[in-house]
Structures are given as structure tokens and as C-alpha cells.
Amino acid sequence: MAEITLVEAVTLALAHEMEVDPTVVVFGEDVGVNGGVFRATAGLQQKFGDDRVLDTPLAEVMIAGMCVGMASQGMKPVAEAQFEGFMYPMVDHIVNHAARLRHRTRGRMNCPVVFRAPWGGGIHAPEHHSDSNEATWAHFPGVRTVIPSSPSRAYGLLLAAIRDPDPVVFLEPKRIYRWQREEVEDNGEELPLDVCFVLRDGTDVTLVTWGAMVKETMEAALELEKNGVSAEVIDVATVAPIDMETIIESVEKTGRCVIVHEAPKHCGVGGEIAASLAEKAIWHLKAPIKRVTGYDTIMPLYRSEMNYMPSMERIVSAANEILEFE
Amino acid sequence: MAATIASFKVDFFQFLDEEGRLVDGVQIPALARDTKQLESLYRLMTLTRVFDKKSVALQRTGKLGTYASCLGHEAAHVAIGSAMREEDCFAPMYREYAAQFFRGVKMSDVLMYWGGDERGNDFSGPKHDFPWCVPIATQCLHAAGAALAYKLHGQPRVAVSVVGDGGSSKGDFLEAINAASAWKLPLVLVIVNNQWAISVPRAKQNTARTLAQKGIAGGLPSIQVDGNDLIASRWAMDKAIAAAREGRGASVIEMLTYRLSDHTTADDARRYRDQDEVDSAWKKEPLLRLRNYLTDQGHWDQVKEEELLSDCAERVNAAVEEYQDRINNDPQPIDSMFNYMFKDLPHHLEEQREIARRFPAKGGSH
Amino acid sequence: MKTFNLPDLGEGLPDAEIVEWLVAEGDTVKVDDPIVSMETAKAVVEVPSPYAGKVAKFHGQAGDVIKTGAPLVEFDTGEGAGDEKAADKDGAEPESSERKLEPQAVEPADDDVGQTGEERADTGTVVGNVTTSDEVVRQSHSSVGGVKVTPAVRALARKLKVDLGSVEATGPEGVVTSSDVRKAAEQGPTRKPAQTREAQPSREEPRPARRQADTDSKPEAPSGEWEPIRGTRRTMARAMSESHARVVATTIMDDADIHAWQHGEDITVRLLRSLWAGAQAEPGLNAWYDDEQNMRMIHKGMHVGMAVDTADGLFVARLKDVHSSDRRQMREEINRLRDNAKNRSIPPEDLKDYTIMLSNFGVFAGRYATPIVNPPCVAIVAAGVLRHEVVPVLGGMEAHRTLPLSLTFDHRVCTGGEAARFLKAMIQDLQKSQ
Chain W
359 MAEITLVEAV
369 TLALAHEMEV
379 DPTVVVFGED
389 VGVNGGVFRA
399 TAGLQQKFGD
409 DRVLDTPLAE
419 VMIAGMCVGM
429 ASQGMKPVAE
439 AQFEGFMYPM
449 VDHIVNHAAR
459 LRHRTRGRMN
469 CPVVFRAPWG
479 GGIHAPEHHS
489 DSNEATWAHF
499 PGVRTVIPSS
509 PSRAYGLLLA
519 AIRDPDPVVF
529 LEPKRIYRWQ
539 REEVEDNGEE
549 LPLDVCFVLR
559 DGTDVTLVTW
569 GAMVKETMEA
579 ALELEKNGVS
589 AEVIDVATVA
599 PIDMETIIES
609 VEKTGRCVIV
619 HEAPKHCGVG
629 GEIAASLAEK
639 AIWHLKAPIK
649 RVTGYDTIMP
659 LYRSEMNYMP
669 SMERIVSAAN
679 EILEFE
Chain U
0 MAATIASFKV
10 DFFQFLDEEG
20 RLVDGVQIPA
30 LARDTKQLES
40 LYRLMTLTRV
50 FDKKSVALQR
60 TGKLGTYASC
70 LGHEAAHVAI
80 GSAMREEDCF
90 APMYREYAAQ
100 FFRGVKMSDV
110 LMYWGGDERG
120 NDFSGPKHDF
130 PWCVPIATQC
140 LHAAGAALAY
150 KLHGQPRVAV
160 SVVGDGGSSK
170 GDFLEAINAA
180 SAWKLPLVLV
190 IVNNQWAISV
200 PRAKQNTART
210 LAQKGIAGGL
220 PSIQVDGNDL
230 IASRWAMDKA
240 IAAAREGRGA
250 SVIEMLTYRL
260 SDHTTADDAR
270 RYRDQDEVDS
280 AWKKEPLLRL
290 RNYLTDQGHW
300 DQVKEEELLS
310 DCAERVNAAV
320 EEYQDRINND
330 PQPIDSMFNY
340 MFKDLPHHLE
350 EQREIARRFP
360 AKGGSH
Chain Y
-18 MKTFNLPDLG
-8 EGLPDAEIVE
2 WLVAEGDTVK
12 VDDPIVSMET
22 AKAVVEVPSP
32 YAGKVAKFHG
42 QAGDVIKTGA
52 PLVEFDTGEG
62 AGDEKAADKD
72 GAEPESSERK
82 LEPQAVEPAD
92 DDVGQTGEER
102 ADTGTVVGNV
112 TTSDEVVRQS
122 HSSVGGVKVT
132 PAVRALARKL
142 KVDLGSVEAT
152 GPEGVVTSSD
162 VRKAAEQGPT
172 RKPAQTREAQ
182 PSREEPRPAR
192 RQADTDSKPE
202 APSGEWEPIR
212 GTRRTMARAM
222 SESHARVVAT
232 TIMDDADIHA
242 WQHGEDITVR
252 LLRSLWAGAQ
262 AEPGLNAWYD
272 DEQNMRMIHK
282 GMHVGMAVDT
292 ADGLFVARLK
302 DVHSSDRRQM
312 REEINRLRDN
322 AKNRSIPPED
332 LKDYTIMLSN
342 FGVFAGRYAT
352 PIVNPPCVAI
362 VAAGVLRHEV
372 VPVLGGMEAH
382 RTLPLSLTFD
392 HRVCTGGEAA
402 RFLKAMIQDL
412 QKSQ
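As they're listed, the protein sequences go chains W, U and Y. For the first sequence, the residue numbers in my numbering are 359 to 684. For the second sequence, the residue numbers in my numbering are 0 to 365. For the third sequence, the residue numbers in my numbering are -18 to 415.
Shown next, in the form of C-alpha cells:
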């Protein structure tokens, strides 16, 4: 069993599934010879050939549209958008077609496509390379939005996404692409979609997050522990549809909730979770629900990037604020 | 009945060959005799190269973020910038520093941008020029929009946009051609074909013989030139801009060159291309042939070259100092994230600005 | 004197090794002249000089590892020391006034930093800088109500609607694995403890002592071996903990004088009947309490949850309709329960929905007890060992058979008075001859 990073786990999952399922193809810019700009597809073209891993012309609309075409004809394309910030031209084909195909043909056709993209900020990149707009995708019915936060979850969730018969937007937190290694067995075992992962048990406050913010949130939990506060940490993983059951169960136990996401606050996925909690768990809440998020500004260039990203201090501060309520 | 009702041809132009000799058997443009101007343009090309090299070194020493080098593109870029008037509008992608320097953008502006400070986009030079554009080929439609604005207002102004060989595959580029054709826009679209879109070679973008013919398909006059030949590139630009300004519509120029550098400082082209190809491209590089030509004409020599290089070094160092001074002694405050969201700051952002002020990031970045 | 610290070579790596110095101490260098080759994870990078001046002092030799940000080399940058003003070119090369047909060495040259020539490690990105670390993490098991499980398996259980408490764990150290969960899922969604149908003892074979390693460093080894608690025993641990956390338990004890009973009287049936008698006097003890919604349901009928001790462990099995059963029916119910227990086949529906509880430990030892109330019930009665008690009666002493009783009730919702009256009614019924 190898100790691998998150981006290597992506490669491992792709290699596994391409081996067992000949209908899986990888489709995107620089994915073949170069192995992807983050090396997520490294070695795949060498192993499977250029009719399974295709370097495309530079055209995102083409990539999205053709993947809808391929998927509807019995293939399982895994498209790569080079950065989430370059996915926007794909909205037309993802929303108007991939998300709708099963529904509008009453099940006659379906669209088993995965749109993968490196997502989120924190690598000191030039502008447009640090977006985290998962709420955009999450808002569209008919397509799932999945965000791994560890090598093992990247492996298992990507397998699940590829195998799922419906479209998935798979956003990979590039800031933690190589942050840690984990033992991941290449056993082809997928992890379930549509459920949260409880990473840490606690009794005093529930911290809900996903993606790279899992890092800061776990750090915050440790910091809170020093003051005798026991924090439960939940990794939502699938932000659409959301497993509210796990979150509600946790809040029933703790009575307090802080939601953390890098994406801007307004209409972020945190709002959806907060509203659901208010709807279904209000009698268990001992304090207001807090959201610690990116600001409603454009992501600044890298010199100010870390002022934008939610920090461990902000999370701890929010938790402490609501712990004062009783 | 069957008849050929349309066919096309694409002409290729080169006036200065790789050795720096004027080509035989063609009418040589007047610019070739304007050695004063050529010398001035050569100086700008050299300055850009020295600046470019320094920028890469800054990134390597941790003083600059990711940087996109323009090594090898100097003739094409200088031709573009120097053919434009100040009132014209330039919509670059992200490498055309020489064109921008000609138009008044400062070296330190470029450094500020890649150094992670938005003030770089608020650069010196024409206020109507577009900032660097990362989403590929989107600048072509912005230029088309600017061109339409000038046309609607009856202004004799031209919009110029640059796109790469990779960008020419993108819908935005094709839609810009289409729009330019439909509306007879005062627009010049320049494809700076440097043969590589990160790791994807030109042959993988499409199998058309030229990229210029995409313009012909859209109804625009389109030619191909040797982008490392300053004379040919500038001549083509002059013609295209004149046509646009005189209301004869848009055109496409494909400038053939070679990306001698990596795609950005974080890329390593040796992963995907042969050193032989790069070495061979060096033999055709633009500064070399122009220098040889000027030397042949008796207008250039070793002493001038050394003086020029020394002068460029000084100017580049001054720019670096200006950049570092600004970054270190006058950094943008945290508020700057908020102050340019809208003309007036909406209420909900006031609240968030307060939070941001309370939690300044520890430590710095580069 | 200026110190040059090793910059971040663009990969976020913590350090780099000096391969070789490209200049010597005492040499004069210009800005951007390459001064040293450093080796990062995979390849060699040339570092250019940030200053013009004299190389004064190296802070390491070939083979030394320098941390990012730590001093690498010192420069003497005194005024006019070999700086840019000189006729030295910065990055260009000599040229004759004759044209040259070969490309000039404007580039590539030795000092062409980063474009060609020296190897660079793969940054693994095309923009920015992705932090790389070799720190290894492992998924930790969390303990969910006594069940050890990783986040991934816990999520799987959620997905397959499996109650982790009912899953037989086969992983090391009592960890529930994903196949355990899948196996449990095949038997349908579960909510309450499901007994196993296989014939296996509730105690496992001793496992290899994983904990022994921990004890190696301790002064005395324990005399036993750690083994995981599984199945019904684990369920019991969980249920008891939960009860303890929620119920405010108070116990009243008393005796019933049963000397008037006929010979061969069915003691269990009598106990059951007396419970109903108690409930008729004080229905509040035959009720359910929902402490989350703060609501109470007083039952019109009575189903008694009887504690049954089996080889597989402790179960609470339901005897239905005690309020409307006659003696014979009750006896049949009891027998059915006993048979099921012996066959290890108590059906799941008989493990829930009882309205009050009874524990008869009278076959063993013990007089009074403080039995545990299992929410949502609010009361449990425990009957101890029958004994002969010397009782004063008119004119003398008699030895009367006596049945000790303990009534534990949830004081959040029942009062002491209610409980006492319930017990009194129970005792009155028990003391009847039939």
C-alpha cells in the first residue's frame, strides 16, 4: 500500500477505473503528454494510449459539449478543466445538457460524465486560478458537486463519481494537493456519495466544512481542545445533495454549529446548511449558527490572498462566540 | 450544376530571413530603409528581453510570483504595439510586454501584476487599454466590443487583440471573427502562433494548413507572416490597422514565431518537447536577425550593443527597485480587497471589511 | 556585508542540498550570475546572485543541507565593487562588429537562469506554488457510542442505513470494517440490537495481545489479555450508559408477604399481574417519556419487558398484553419467551415496544436492587430471592415466605408518591392468595 498525496490518489483512481472499465476516457488540455498541469493524469496516456487519454485543443465549450456527446453514447468521459476559473464556459453544457439529459428523456438517455477541476485558492497563483464557486454548481439540479479533502477520500469519491450514472462536478482542492500523504489501497473500493464524513467526534460544537478548509478546521478543533472545548468536525464532501441527517444528528448533540468555507459568503453552500438546520434542528440549537467564509469580494491577487482565506483564528473565534451562549 | 463558388488562398510574408538578409524577389517595405526607426524598435526588443530574463530570475529567487515569459516573441509584440496609435485600444493576452511598453506601460507595472498586486493592472499608458487577460481568447471579444463602440460613435479608432495558437481553438476567437465580419468592425486580430499551448503542439490544435484561414472562413482578409521578422510583422500590422481605420473592416494576421521559454516559470517544457527543436528555433530568433541586418547596414556594432545592454540593465534594475519599493514600503492595505468591489461599498461588505481588519494574515507571502 | 538566505526554490520544500559552488570565496560577481547549484527533491537548480560584489563567505560546503530561509552566502557589496555601472554586460555575451551567422549567446548562456540548461525539479503546477510535504496521516477511528469506526465506514453505514451499534465488528481492536457494514446491510436496515443466529458464544477467543506492546514499557505486566467487547455485551454497555446519562433513577424497596399463596403458584404470572394492578392504581408508571419533545404517553395496556439472561447475553423481551391476558395466556407467553431464548431466536419485534420492565433475579442471589430503567420506559421492578421472614402475628411468631421488591422509577417524570402507591398496589395484589 502506498503513501500518496491527494493528487496522486486522483491519478490512482483514474488508472484503476480505466483498467477495469474500457469506456472510461480522460479528456482535457495538457492531460496526455504532460500528465496535466498538476500531474493528476501523469502516466495515464503512456499506459493506456492516446485514444483513452486525449489532449484536446484549447476549447472548454468543446470539451464539455463533446463529453455530453460521448457520455450519451455509452462512454464514461472524465473531463479535466485546467482550473475551476476556466469552467464557466462549460456551464452551458453542464447545466443545459448534462444535468438535464436523464430528466428530459424520461430516463431513455443518461449522462455519466465527471467534470474534474483543481479548485480553490492558496497557491499564490495569478488571477482567475484560485476560484472556489462550488455554490454555483450546487445550485443546479441534476448534477452532483463533490469535493474530496484527503487522499483516501479523493480515491474513493472519484471512483464513485466515475461509476455514477449521472453527472458529477468533482472539485479538487489544489492547496492540499500535496499537503499530506496517506496510505491508500488500490482496491477499487468506492466511498459513498451523498454522505458526510465525521472526521472528529466532539460534544460542544459542530464544525462543518469541506475541501482544503478541513485543514484549518481540524487545526481549530485542536486549538479549541486546549481550552477544554470538544469540537466535532464534519467533512460534507458531497455539497450537492447534502447529507443533512449527519449534520443535524451532530447539532442535536452539540447544540452549536460553525460552517466554514473558502467560497464567498453570500449564497454560499453554508447558507443552505444553516437554513436547513434552522428548519429541522432549531430546538436543539443553543446559539446562532455562524459562517466563517471568504468575503464577498473578488479573490485578491496572491499578496493579499491569505487575508481572504478563512483562518484557523477566525474559526476558533466564531466557535468561542457561540460557546458563550447558554 | 456544380461550380466552385469560393476558394481561398493564404499568403505568407517574410522580408528579413533568418540570417538577417533581405529576401530577394519581393517588394521590400519602406520600413526596411528606415534604419532609425528599426534601431529604436530593436532597442525596445532588447530592453524587453533583458527585462524578461530579469523577471524569470526574480521568480527563481522568490521575489516574484508565477511569470509568463515572452522570450522569442519580441519582434511580433513590438510590431503590434508600434503600429498602433495611442487612441487605439489594445486587448492583450498575458505576454505582450513589448507592445505594452511601446504604449507606455511601465516595467514595474508588469512586475506588480505578477507580483500579486492588482495595482499592476492599473498601469501607465492608455487608460482605455485592457488589462492582462488570463481566460483564453476572451480578450478577442472584448476587442470586438471596443471596435463596435468606436464604429457606433464614428471614431477613427482601431481595436487590436492578440491570441495564441491554442486560443485560436476557442469559441471566443471564432465568435470574434464572426462578429467582425458581420459588422465590419475596425478590428485587427493577431494570432501569435508560437507553436505551443503549454504542452500541446500546434499540430494538435487542428489540421488546417494555417490558423489564418479561420479568418477567411469568417470572411476576413487573413495572412500569415514570419513573426520573427520585425519588418514583415510591422508591415502587416500597418496594413491591417489602416484598413480598419479607413472603414474597410477587420483582418486576421497569423504571426509565426516560437515560444523559446516555458509556458510560465512553473512549467518545464523539457517534459514535453525536444531540445533539438528549441535549439533550432534559437537560430531563427528575432533579435539576432535584426541585429545582423542593422550591423550589415552599418548602423550597429559591438560597442553600441554593449552600451545598449548596459543601459537596459540599468533601466530594468530601476524598475525592479521601483517594484520592490512599492511592494515593501507601500503595500496594499487589507481594505483594498473591498474598496474596488463597487463604486460605493455596499453595507454587507462594510461588516466583512471589519472582520478582515480584525484578522490580518500572519506572515507574508513572497 | 549582506547575507543571502536560501530562497524558496519554488516548490515549498523545506531545504536543499549544496551540490557545488560555482564561484569561490573572494570572487567578484554580478547580479544574476549563477553562484551555486542546489539539489532539491529531484533535480538540480542554479541559484543566481542577488547582489553584485565580492563573495565573502559560504555558509556551507558541497553536501551540506541548508534550510529554506537560512543563510547561504555572504557578500561584500561595498561601493563600486564590481557593480552594474561597469561595462560588464548583464546577461549578454561578446559580439564582434562582424555579423555572426550562428545565434548569439544572448541566450542560451550559462547565466540564462531557468530557461534551458540546468535541470529543474518538476514543480507539479503551471502557476503558483503547491506546497509539498511528506507528512503521513492516518485515518483515525472515532468512537461512536462505543463503536470504533473510521469516518469512511461511518459514512457508509449512514448511506446503507445501518445502525452501527448492531454491526458485528471483525476489524482489529474491535473496529467495524466496511465489509462488516455491508454484511449488516444485507440483513436489512436495523435500529435495535439484532441477536445473532449463528451458534457462537458471546465471548470471543482471546485475540493476540495488541496491547501487550503498550505494556512492555510498564513495570508490571497485567495478568490477563485485552479482548474487544462485542455483540450484545457491547450493546448493553451502550444502552446502560445512555440510560445513566438521561434517567434520574430513584428506587423504593419493600417486601410482599406471600405466605397466603397456594402451593405451586406461578410466581412470574403473579408478578406480571401485580404490575398491572400497580398500573391501575398509578398509570403514570406504565408510560413512556420522550425527554427531547418533553412529552409523556400513558399506556392503556401493558406489555412487560422482561429481562432474560441467555447464553448470548442479556435481552429484554416483551410479554404482550399483560393487561388483558388471563393466567393461562400469560403462562403461554412466558413459555414462548423461554423457548425462543433457548433457541436463540427471539424475534426483533419482541425486543421493543414494552411499556414497563420486570427483572426477576430471584433464582440467583440478592434481595434488593437498583435496576436500570431503559428509556422510553419510566419504571422497572426487580424481584429478588424468596426468603422466609420471621413475622410477629397475634400471639406469636411465624415464618412467612417473603418476596423482596425494588421499584426504580425515572424521577424526571414520576413522583415518589406515585411510585409508592404503585408499589403498594403491587404488594396488595401479590399478597392475595390467588
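Idealized CB from N, CA, C, for every residue including glycine. In this text the structure is predicted, and so the values were computed from the model without any measurement.
Boundaries of the beta strand (DSSP E) in which Lys48/Y is found, first to last residue: Looking up residue 48/Y in the third sequence gives position 67. First-last of the beta strand (DSSP E) with Lys48/Y: 46 to 48.
Looking only at its own chain, which residues have a Cβ that is under 6 Å from the Cβ of Met329/W, when we skip the five neighbours before and after it? In the structure as shown, chain W begins at 359 and stops at 684. Residue 329/W is therefore absent and cannot be evaluated.
Comparing C-alpha positions only, which one of Arg410/W, Ala493/W, Pro435/W, Ser430/W sits nearest to His624/W? Along the first sequence, one-based indexing puts residue 624/W at 266. Residue Ala493/W is the option with its Cα nearest to His624/W.
In chain order, what residues of the same chain lie with their CB nearer than 6 Å to the CB of Val315/U, ignoring the 5 residues before and after it? Working through the second sequence from its first residue, we reach residue 315/U at position 316. Val49, Phe50, Lys53.
Pop quiz: Val161/U and Ala239/U are said to be a contact at Cβ under 8 Å. What is the actual Cβ separation, rounded to whole angstroms? Within the second sequence, numbered from 1, the residue matching residue 161/U stands at position 162. Within the second sequence, numbered from 1, the residue matching residue 239/U stands at position 240. Between Ala239/U and Val161/U the Cβ distance is about 13 Å, and since that is not below 8 Å, they are no contact.
Counted within 10 angstroms of its Cβ, other Cβ atoms place Ile4/U as buried (16 or more) or exposed: The residue given as residue 4/U occupies position 5 in the second sequence. So Ile4/U ends up on the exposed side.
So, do the stretch 241 to 256 of chain U and the stretch 202 to 222 of chain U have three or more beta carbon pairs nearer to each other than 8 Å? yes
What does DSSP give as the partner residues of Asn338/U in its beta bridges? Counting from one through the second sequence, the residue named residue 338/U turns up at place 339. Note: Asn338/U sits in no beta bridge, so no partner.
Selection of the stretch 517 to 541 of chain W by Cβ proximity to chain Y, strictly under 9 Å: Lys532, Arg533, Ile534, Tyr535, Arg536, Trp537, Gln538, Arg539, Glu540, Glu541
Phe56/Y: first and last residue of the uninterrupted beta strand (DSSP E) it sits in: Taking the third sequence and counting its residues from 1, one reaches residue 56/Y at position 75. Phe56/Y -> beta strand (DSSP E) spans 52 to 57.
So the candidates are Glu370/Y, Pro385/Y, Asp(-4)/Y; which of them puts its Cα closest to the Cα of Met378/Y? Taking the third sequence and counting its residues from 1, one reaches residue 378/Y at position 397. Among Glu370/Y, Pro385/Y, Asp(-4)/Y, the Cα nearest to that of Met378/Y is on Glu370/Y.
With a threshold of 8 Å between beta carbons, is Ser198/U in contact with chain W? Translated into positions along the second sequence, residue 198/U becomes position 199. Yes, Ser198/U counts as interfacial toward chain W.
Measuring CA to CA, which of Thr336/Y, Ile353/Y, Pro31/Y, Phe345/Y is closest to Ala260/Y? Here residue 260/Y corresponds to residue number 279 of the third sequence, with the count starting at 1. Comparing Cα-Cα distances from Ala260/Y to each of Thr336/Y, Ile353/Y, Pro31/Y, Phe345/Y, the minimum goes to Thr336/Y.
By how many angstroms is the C-alpha of Leu411/Y removed from the C-alpha of His284/Y? Numbered from 1 along the third sequence, position 303 holds the residue referred to as residue 284/Y. Numbered from 1 along the third sequence, position 430 holds the residue referred to as residue 411/Y. For His284/Y and Leu411/Y, the distance between alpha carbons rounds to 19 Å.
Distance check for Pro185/U and Lys150/U, CA to CA, integer angstroms please. Taking the first residue of the second sequence as 1, we reach residue 150/U at position 151. Taking the first residue of the second sequence as 1, we reach residue 185/U at position 186. Approximately 7 Å between the Cα atoms of the pair.
Where does Leu339/Y sit, in a helix, a strand or coil, going by DSSP? Taking the third sequence and counting its residues from 1, the one referred to as residue 339/Y is at position 358. Here Leu339/Y sits in strand by DSSP.
For Thr263/U and chain Y, any beta-carbon pair shorter than 8 Å? Counting from one through the second sequence, the residue named residue 263/U turns up at place 264. Interface residue, yes.
Using 8 Å as the Cβ pair cut-off and three pairs as the minimum, do the stretch 626 to 633 of chain W and the stretch 9 to 28 of chain U touch? no
Is Cys395/Y near Gly282/Y, with beta carbons less than 8 Å apart? The residue you call residue 395/Y lines up with position 414 of the third sequence. The residue you call residue 282/Y lines up with position 301 of the third sequence. In this structure, Gly282/Y does not lie closer than 8 Å to Cys395/Y by Cβ.
Span separating the alpha-carbon of Val426/W from that of Gly465/W: Start at 1 with the first residue of the first sequence, and residue 426/W comes out as number 68. Start at 1 with the first residue of the first sequence, and residue 465/W comes out as number 107. Each residue's alpha carbon lies about 15 Å from the other.
Can you list, in chain order, the residues of its chain with a C-beta nearer than 8 Å to that of Arg102/U? Leave out the 5 residues immediately preceding and following it. Numbered from 1 along the second sequence, position 103 holds the residue referred to as residue 102/U. Answer for Arg102/U: Gly80, Met83, Glu85, Phe89, Gly124, Pro125, Asp128, listed in chain order.
Under 8 Å Cβ-Cβ, which residues of chain U neighbour Pro357/Y? As a working note, residue 357/Y is residue 376 in the third sequence. The contacting residues do not exist; Pro357/Y stays about 45 Å from chain U at best.
With a cut-off of 8 Å, do at least 3 Cβ pairs link the stretch 371 to 383 of chain W to the stretch 418 to 433 of chain W? yes
Within the 8 Å Cβ cut-off, does Phe683/W reach chain Y? Start at 1 with the first residue of the first sequence, and residue 683/W comes out as number 325. No, Phe683/W lies away from the interface with chain Y (no Cβ there is under 8 Å from its Cβ).
Under the assumption that Val436/W contacts Ile520/W (Cβ atoms under 8 Å), give the Cβ distance between them as a whole number of angstroms. Counted from its first residue, the first sequence places residue 436/W at position 78. Counted from its first residue, the first sequence places residue 520/W at position 162. Yes, Val436/W and Ile520/W are in contact; Cβ-Cβ is about 6 Å, under 8 Å.
What are the start and end residues of the beta strand (DSSP E) that includes Gly629/W? Within the first sequence, numbered from 1, the residue matching residue 629/W stands at position 271. Where Gly629/W is concerned, there is no enclosing beta strand (DSSP E), although the alpha helix (DSSP H) it sits in stretches over 627 to 638.
Would you call the CB atoms of Leu370/W and Val563/W closer than 8 Å? Within the first sequence, residue 370/W is the residue found at index 12, counting from 1. Within the first sequence, residue 563/W is the residue found at index 205, counting from 1. Contact: no.
For Gly514/W, return the contacting residues in chain Y, with the cut-off set at a CB-CB distance below 8 Å. Looking up residue 514/W in the first sequence gives position 156. The answer, in chain order, is Ala133.
So with CB distances below 8 Å, who are the chain Y contacts of Leu549/W? Reading the first sequence from its first residue, position 191 is the one you call residue 549/W. Under the 8 Å cutoff, chain Y gives Ala133, Ala136, Leu137.
Is it the case that the Cβ atoms of Val591/W and Arg614/W are separated by a distance below 8 Å? Here residue 591/W refers to the residue found at position 233 of the first sequence. Here residue 614/W refers to the residue found at position 256 of the first sequence. Against a cut-off of 8 Å, the Cβ pair of Arg614/W and Val591/W comes out as no contact.
DSSP on Thr137/U, reduced to helix/strand/coil? By 1-based counting over the second sequence, the position of residue 137/U is 138. Helix.
In whole angstroms, what is the alpha-carbon distance linking Ala645/W and Met106/U? Within the first sequence, residue 645/W is the residue found at index 287, counting from 1. Within the second sequence, residue 106/U is the residue found at index 107, counting from 1. Cα-Cα distance, rounded: 53 Å.
Would you call the stretch 155 to 170 of chain Y in contact with the stretch 574 to 581 of chain W, where contact means no fewer than 3 C-beta pairs closer than 8 Å? no
Using a Cβ distance threshold of 8 Å, determine whether the stretch 470 to 480 of chain W contacts the stretch 524 to 532 of chain W, with at least three qualifying pairs required. yes
Within chain Y, partners of Thr137/U - CB distance below 8 Å: Residue mapping note: residue 137/U aligns to position 138 of the second sequence, counting from 1. Result: empty, since nearest Cβ-Cβ is about 17 Å, beyond 8 Å.
Would you kindly work out how many angstroms separate the C-alpha atoms of Ile47/Y and Ala483/W, rounded to a whole number? Sequence index remark: in the third sequence, residue 47/Y carries index 66 (1-based). Sequence index remark: in the first sequence, residue 483/W carries index 125 (1-based). So the two alpha carbons sit approximately 26 Å from each other.
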